[in-house]
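Remarks on the structure that follows.
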Amino acid sequence: MKFSADREALADVTSWVAQVISKRALVAAPLRLLDCSPISDGAAAVILSSRKQSGVRFAASQLATDYVSLADRESITSFRSTKNAFAEALKESGWNRNDIDVAELHDCFSIASIVHLEDCGFAGEGDGGTEYFAAFGAV
Numbered sequence: 008m009k010f011s012a013d014r015e016a017l018a019d020v021t022s023w024v025a026q027v028i029s030k031r032a033l034v035a036a037p038l039r040l041l042d043c044s045p046i047s048d049g050a051a052a053v054i055l056s057s058r059k060q061s062g063v064r065f066a067a068s069q070l071a072t073d074y075v076s077l078a079d080r081e082s083i084t085s086f087r088s089t090k091n092a093f094a095e096a097l098k099e100s101g102w103n104r105n106d107i108d109v110a111e112l113h114d115c116f117s118i119a120s121i122v123h124l125e126d127c128g129f130a131g132e133g134d135g136g137t138e139y140f141a142a143f144g145a146v
């Protein structure tokens with residue numbers, strides 16, 4: 008799977024976002040203030056309904072956890088929980104990574120989304136940033 012983005016549709020937004028982010032304080036190179044989330048709670052919601060018909064079907068759902076402290080983890084450049092949850096979801100669905108056309112990866116820190124990209128095998132180790140920025144611009 009490769010990223011794709013309509014550069015014309017995103018050109019103005021990408022340019023604006025790059026300007027805003029580049030003006031924020033550097034936290035730890037190359038991360039700036041807006042790349043890093045404040046301490047906060049999060050949430051997710053899914054609504055399943057038998058009243059509406061849709062072509063969307065859940066093939067799998069998995070959850071994995073790891074130590075909260077980075078110091079207690081085996082690696083700070085890979086997330087065991089991402090690898091475990093993704094592997095179990097593939098097993099549950101009977102799919103392999105190449106069966107996936109679209110994936111949404113999110114984390115409260117921009118760098119973590121790049122690590123997830125690598126841990127799911129959509130980019131090689133150390134290549135997630137290259138793949139990400141090639142599609143969306145050096146934001």
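8 is the number of the first residue of the sequence shown in this note's numbering; add one for each residue after it.
We put the CB at the ideal spot given by N, CA and C, even for glycine.
| Asked | Found |
| --- | --- |
| Would leucine 40 be called buried (16 or more neighbouring beta carbons within 10 Å of its own) or exposed? | exposed |
| Would you check if there are 3 or more beta carbon pairs closer than 8 Å linking the region 77–85 to the region 121–130? | yes |
| Can you tell me which of Ser61, Ser56, Arg87, Arg64 puts its alpha carbon nearest to the alpha carbon of alanine 71? | Arg87 |
| Sort out for me which residues DSSP pairs leucine 70 with in a bridge. | Note: leucine 70 sits in no beta bridge, so no partner. |
| How would you write the range of the beta strand (DSSP E) that valine 109 sits in, first residue to last? | From DSSP, valine 109 is part of no beta strand (DSSP E); its letter is neither H nor E. |
| On a Cα-Cα basis, can you pick out the residue from Phe129, Thr137, Ser56 that is closest to threonine 89? | Phe129 |
| Skipping 5 residues on each side, what residues in its chain have a beta carbon closer than 8 Å to that of valine 34? | Leu40, Asp42, Cys43 |
| Terminal residues of the continuous alpha helix (DSSP H) containing alanine 92? | 87–100 |
| If you check the beta carbons only, do aspartate 127 and phenylalanine 93 fall under 9 Å apart? | First, the amino acid is wrong: residue 127 is cysteine here, not aspartate. Yes, these two residues count as a Cβ contact at 9 Å. |
| Tell me whether leucine 97 is buried or exposed, calling it buried when 16 or more other Cβ atoms sit within 10 Å of its Cβ. | buried |
| Just how far apart, CA to CA, sit glycine 135 and leucine 112? | 12 Å |
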